[in-house]
Amino acid sequence: MAASMTLGLQPWIANINDMQYLAAKRAISRVFGTEPDMMRDGSTIPIAKMIQDLIQKSVMMLPLGAVDDGERSQNEKINRWNYIEGSKLFAAFFLEIAKLHSGQ
């Protein structure tokens, strides 16, 4: 048996202890009332690693969609609830980032 890899990408792994991740954890707890699962997803978004390598700064993805949203498909969608709560999440996230920079 022979196996070959016809396509490969460099993995992107973020440091979940960086400041923006701490702010995101607090924002998620505030909006959703639960601690976030800090999971690594097998999704292929190669631009994240490219940007992180280019700017030499930590990159974070803060998803708003559900597992059944069909991202990057012709029938991609986002539920109204996710859209509304996601808007609250971004507001809470920016508040937490501001607190980090003001020393609160």
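For the record, in the sequence shown the residue sitting at position 68 is 135 according to this note's numbering, with numbers rising by one throughout.
Yeah, the Cβ is synthetic: ideal placement off N, Cα and C, and Gly gets one too.
Computed from a prediction, not measured in an experiment: that's the story for all the values here.
Tell me whether residue i counts as near the ligand FAD, meaning its Cβ is closer than 7 angstroms to at least one heavy atom of that ligand.
i	result
H168	With respect to the ligand FAD, the structure offers nothing, as it holds no ligand at all.
Where residue i and residue j are concerned, what is the direct C-alpha to C-alpha distance, given to the nearest angstrom?
i	j	result
I118	V126	8 angstroms
R107	S169	30 angstroms
I80	Y88	13 angstroms
K144	P113	22 angstroms
I95	L131	11 angstroms
P103	A133	14 angstroms
K124	A165	18 angstroms
For residue i, which three-state DSSP category applies?
i	result
G100	coil
E143	coil
P130	coil
I80	coil
Q123	coil
E138	coil
Leaving aside the five residues before and after residue i along the sequence, list all residues of the same chain whose C-beta is less than 8 angstroms from its C-beta, in chain order.
i	result
L129	A91, L156, F157 and F160
L167	M86, L89 and A90
I believe residue i touches residue j by the beta-carbon criterion, under 8 angstroms. Please report the beta-carbon distance rounded to the nearest angstrom.
i	j	result
M138	R93	The sequence given here places Glu at residue 138; Met does not occur at that position. About 26 angstroms; that fails the 8 angstroms criterion.
M105	I83	5 angstroms
Sorted by chain position, which residues of the same chain lie with C-beta nearer than 7 angstroms to residue i's C-beta, five sequence neighbours on each side aside?
i	result
V98	E152, K155, L156 and A159
D136	E143, K144 and I145
Examine the Cβ distances between the segment 136 to 155 and the segment 74 to 86 and report whether three or more of them are shorter than 8 angstroms. No, because fewer than three Cβ pairs between the segment 136 to 155 and the segment 74 to 86 fall closer than 8 angstroms, the two stretches do not touch.
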